[in-house]
Amino acid sequence: MRFMKKVFIGTVGYHNLSNHSIGSALLPKLQKMNWGKGVEVDELNWGPIAIVQKFQSLPTQYDRVILLSAIERPGRKIGDITVFKWKGKLPDEELIQRCIGDAVTGVISVENLLIIGEYFKIWTGETFFVDVEPGAEEAGESFTEEMLQAVPLVIETLQQLSNTESAELINFKPLFGDTLIEANA
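Per this note's numbering, residue 73 is the first one in the sequence shown, and the count goes up by one each step.
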């Protein structure tokens with residue numbers, strides 16, 4: 073096990089979409105927590121190209137990046153948490169261009185961020201994606217009861233991932249860029 077010197081926790085997602093806004097809604101609480109030396113917490117809702125430029129301008133790259141977002145996936149209940157470990161690989165050039173086009177028009181998407189970040193080689197260390205099942209998309213500032221109950225486990229998961237020793241204990245699924253987005257989506 074190696075000591076993590078620099079860890080970034082980034083929240084990705086729109087505001088005011090109830091459960092879908094888990095990252096932006098938890099951001100103020102996450103920023104007030106004592107994460108330990110070398111851990112930064114910020115939102116990543118301001119365009120993948122600008123995020124790439126920010127990461128490229130860093131004098132020292134992150135050893136670990138942890139992204140928090142909420143995406144509907146079949147077979148999960150509201151509040152279910154899936155941890156993915158980014159394994160790289162890019163989709164074909166057409167899909168990369170589509171991701172960049174979406175990013176330029178203001179679409180906030182963790183998938184676009186992962187693929188564009190991979191293309192520009194900003195994921196230099198380990199990259200994890202903590203994905204919380206939000207259920208159907210709804211407007212609003214409040215979470216459902218199921219999501220409220222999941223919040224402590226979401227925070228615990230982020231804490232474990234930000235700590236080198238406990239990160240090894242987390243079960244994760246591999247996530248590859250070449251299979252992340254369907255060609256006909």
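For every residue, glycine included, the Cβ atom is placed at its ideal position computed from N, Cα and C.
Contacts around residue i, its chain only, beta-carbon distance under 6 Å, and the 5 residues preceding and following it disregarded
i	result
F215	N91
V137	F80 and T199
E210	S90
Alpha carbon of residue i to alpha carbon of residue j, nearest angstrom
i	j	result
G189	A175	12 Å
L102	V182	19 Å
D250	G95	25 Å
V71	A122	The question about residue 71 has no answer, for the chain in this structure spans 73 to 257.
H87	A208	15 Å
I143	T154	10 Å
G119	P163	20 Å
Per-residue DSSP class, three states only, for residue i
i	result
L130	coil
E165	helix
K245	strand
D152	coil
G197	coil
I138	strand
E112	strand
V182	helix
K157	strand
I227	helix
For residue i, the nearest candidate out of the options (CA to CA)
i	options	result
L116	A97, K109, G108 and T132	A97
F127	I194, L230 and D164	I194
Q125	E213, L185 and T199	L185
V226	R136, Q133, I150 and T177	I150
T199	P131, E228, D164 and L140	L140
Q133	R145, D152, P146 and E112	E112
F201	T229, E213, Q221 and A222	T229
M219	I180, L89, L252 and C171	L89
K109	K77, I138, I81 and L130	K77
L233	D135, E205 and L252	D135
L54	N106, W107 and D114	Only positions 73 to 257 of the chain appear in the structure, and residue 54 is not among them; the question remains open.
Cutoff 7 Å; reference residue i; Cβ partners in own chain excluding five residues on either side
i	result
A257	A caution first: A257 carries a pLDDT of 41, below 50, which makes its placement in the model too unreliable to give a value.
K161	F248, G249 and D250
E213	N88
Sequence-distant residues of the same chain with beta carbon closer than 8 Å to residue i, five excluded per side
i	result
P246	F156, K157 and K159
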